[in-house]
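A quick write-up on the structure given underneath.
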Amino acid sequence: MNKDVTFALSSAGVGESVARGQLDRGGVAMNKNNSPTFTLDGKTIPFSAGQTIIQAAMATGVYIPHLCYNPEFKPHGSCKLCTVKADGRHTSSCTHQAQDGMVVESDTKEINDERRALLQMLFVEGNHFCPSCEKSGNCQLQATAYEMNMMSPHFDHFFPDRPLDASHPDYLLDFNRCILCSLCVRASRDVDGKNVFALSGRGIKSHLIVNAKSGRLADTGFSGEDKAAHVCPVGVILKKRVGFAIPIGSRSFDEQPISATPHPGPAAATLPPHPQGACPVGPRSNAATLPPHPTVKGA
Ligand code: SF4
Ligand code: FES
Numbered sequence: 025m026n027k028d029v030t031f032a033l034s035s036a037g038v039g040e041s042v043a044r045g046q047l048d049r050g051g052v053a054m055n056k057n058n059s060p061t062f063t064l065d066g067k068t069i070p071f072s073a074g075q076t077i078i079q080a081a082m083a084t085g086v087y088i089p090h091l092c093y094n095p096e097f098k099p100h101g102s103c104k105l106c107t108v109k110a111d112g113r114h115t116s117s118c119t120h121q122a123q124d125g126m127v128v129e130s131d132t133k134e135i136n137d138e139r140r141a142l143l144q145m146l147f148v149e150g151n152h153f154c155p156s157c158e159k160s161g162n163c164q165l166q167a168t169a170y171e172m173n174m175m176s177p178h179f180d181h182f183f184p185d186r187p188l189d190a191s192h193p194d195y196l197l198d199f200n201r202c203i204l205c206s207l208c209v210r211a212s213r214d215v216d217g218k219n220v221f222a223l224s225g226r227g228i229k230s231h232l233i234v235n236a237k238s239g240r241l242a243d244t245g246f247s248g249e250d251k252a253a254h255v256c257p258v259g260v261i262l263k264k265r266v267g268f269a270i271p272i273g274s275r276s277f278d279e280q281p282i283s284a285t286p287h288p289g290p291a292a293a294t295l296p297p298h299p300q301g302a303c304p305v306g307p308r309s310n311a312a313t314l315p316p317h318p319t320v321k322g323a
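Plus 24 on top of the position in the sequence shown (first one is 1) and you've got the working numbering.
Below, the structure written as structure tokens:
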């Protein structure tokens, strides 16, 4: 209570240590702006009221793996990649509000092992053939697999039969890669006001559908101007006639790992017009500095 405490200030930048003469609010560390703080893997993270753990972490430049979270949208809490331990209990950091004095663990072997298992399940549940995917190098699923050092799919592939929808003149839907993050659903409903997409079914039968009597994208009001056309973290919603405009090896996650890349949501303006995927088995320009490539059985 009366000894100096060293902690980091978000406003001054993470990593800048400041000696403080006392603790506030019954022993809870607060920064010089008097905002509450929690610790994340031992690092002090300031936050403001209402912020979730992942929001506060990202605001201070600390990466927590995530797939269905995009700061432009309300959290969905479905992929569980952002799971952390908060005061010893597993929770989704994208939905769990930060609290004063909370002790959060994220980058631990136990939690990263769980994240890797989730990723492996996602890879085998769909058909992800990264070497031939236009999204390779800009795909968050692939980049997160690299980040979590996923070396193999581990589980047997389902190889589901999911026909493409190429009915729209400008856009292609490849349902094989859908990870059911609902970002396109949220974007179309909440931003575009069109409700073009929806998730249907339950459990293992959950799947993405197009809200048209025919089920075809061409029979909706979908347009390339829609927010929904630009939020897919994987390679489902693809612009036609744009093939490898940026070569593999020069794409976002080829240049730097996802943990060092601004979130594709707010950073969209700085990314290629339609981010397209990194190959879990192909060559990378930064192979020397990143973990070994994960592999996709049957690819
Ligand atoms: S199509 Fe893309 S954005 Fe939509 S639910 Fe599937 S993975 Fe998410
Ligand atoms: S990012 Fe939190 S559950 Fe998906």
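Yeah, the Cβ is synthetic: ideal placement off N, Cα and C, and Gly gets one too.
If you're wondering where the values come from, they're calculated on a predicted model, not measured in any experiment.
Within the continuous beta strand (DSSP E) that includes residue i, where are the two ends?
i: Phe62; result: 61-64
i: Ala81; result: Taken as a continuous stretch (DSSP letters only), Ala81 belongs to no beta strand (DSSP E), being part of the alpha helix (DSSP H) at 77-83.
i: Phe221; result: 221-224
i: Thr107; result: 107-110
i: Leu91; result: Per DSSP, Leu91 belongs to no beta strand (DSSP E) and is neither H nor E.
i: Lys98; result: Element bounds for Lys98: n/a, residue is neither H nor E.
i: Arg113; result: 113-116
Among residues of its own chain, excluding the 5 on either side of residue i, which ones have a beta-carbon nearer than 6 Å to its beta-carbon?
i: His178; result: Gln144
i: Ala80; result: Ile69, Phe71, Ala122
i: Val215; result: Lys251
i: Gly239; result: none
For the alpha helix (DSSP H) holding residue i, just list the boundary residues, first then last.
i: Lys133; result: 133-149
i: Val127; result: It is not in any alpha helix (DSSP H) - Val127 instead sits in the beta strand (DSSP E) that spans 127-129.
i: Arg209; result: Correcting the residue identity first, residue 209 is Val in this sequence and not Arg. It spans 207-210 - the alpha helix (DSSP H) in which Val209 sits, taken as one unbroken run.
Skipping 5 residues on each side, what residues in its chain have a beta carbon closer than 8 Å to that of residue i?
i: Leu241; result: Asp189, Ser191, His192, Tyr195, Leu197, Val220, Val234
i: Pro315; result: Bear in mind that a pLDDT of 38 at Pro315, under 50, signals an unreliable position, so the model cannot answer this.
i: Ser224; result: Ser230, His231, Leu232, Ile233
i: Pro184; result: Glu149, Gly150, Asn151, Asn200
i: Glu249; result: none
Relative to the C-alpha of residue i, which candidate in the options has its C-alpha closest?
i: Arg201; options: Asn151, Met175, Asp124; result: Asn151
i: Ile203; options: Ala269, Phe147, Val266; result: Phe147
i: Tyr93; options: Val86, Glu249, Cys103; result: Cys103
i: Asp243; options: Glu158, Cys163, Lys218, Arg226; result: Lys218
i: Asp111; options: Asp65, Ser276, Ser160, Met82; result: Asp65
i: Asp124; options: Gly267, Gly227, Phe62, Ile261; result: Phe62
i: Asp278; options: Gln164, Val108, Leu142; result: Gln164
i: Ala141; options: Thr168, Asp216, Thr84, Lys264; result: Thr168
i: Cys60; options: Leu105, Gly85, Thr107, Met126; result: The sequence as given places Pro at residue 60; Cys does not occur at that position. The candidate whose alpha carbon is nearest that of Pro60 is Met126.
i: Thr84; options: Pro99, Lys67, Arg139; result: Lys67
i: Arg275; options: Val108, Ser160, Arg186, Lys133; result: Ser160
i: Phe182; options: Ser212, Ala222, Ile228; result: Ile228
i: Lys98; options: Glu138, Phe246, Asn58, Arg213; result: Arg213
With a CB to CB cut of under 7 Å and the five nearest residues on each side skipped, what residues in its chain are close to residue i?
i: Asn136; result: Met172
i: Ser283; result: Tyr87, Glu171
i: Arg226; result: none
i: Leu91; result: Cys103, Leu105, Gln164, Leu165, Thr168, Ile203, Cys205, Pro257
i: His114; result: Thr107
Is residue i helix, strand or coil when you go by DSSP?
i: Ile282; result: helix
i: Arg201; result: helix
i: Thr168; result: helix
i: Asp243; result: helix
i: Asp124; result: coil
i: Val234; result: strand
i: Pro70; result: strand
i: Lys263; result: strand
i: Ser276; result: helix
i: Ser156; result: helix
i: Asp189; result: strand
i: His254; result: helix
Checklist line | Three-pair Cβ contact test at 8 Å for the stretch 111-123 versus the stretch 68-82 | finding: These segments touch.
Note to self: Would the stretch 249-265 count as touching the stretch 208-228 if we require 3 or more Cβ pairs under 8 Å?
What the structure shows: yes
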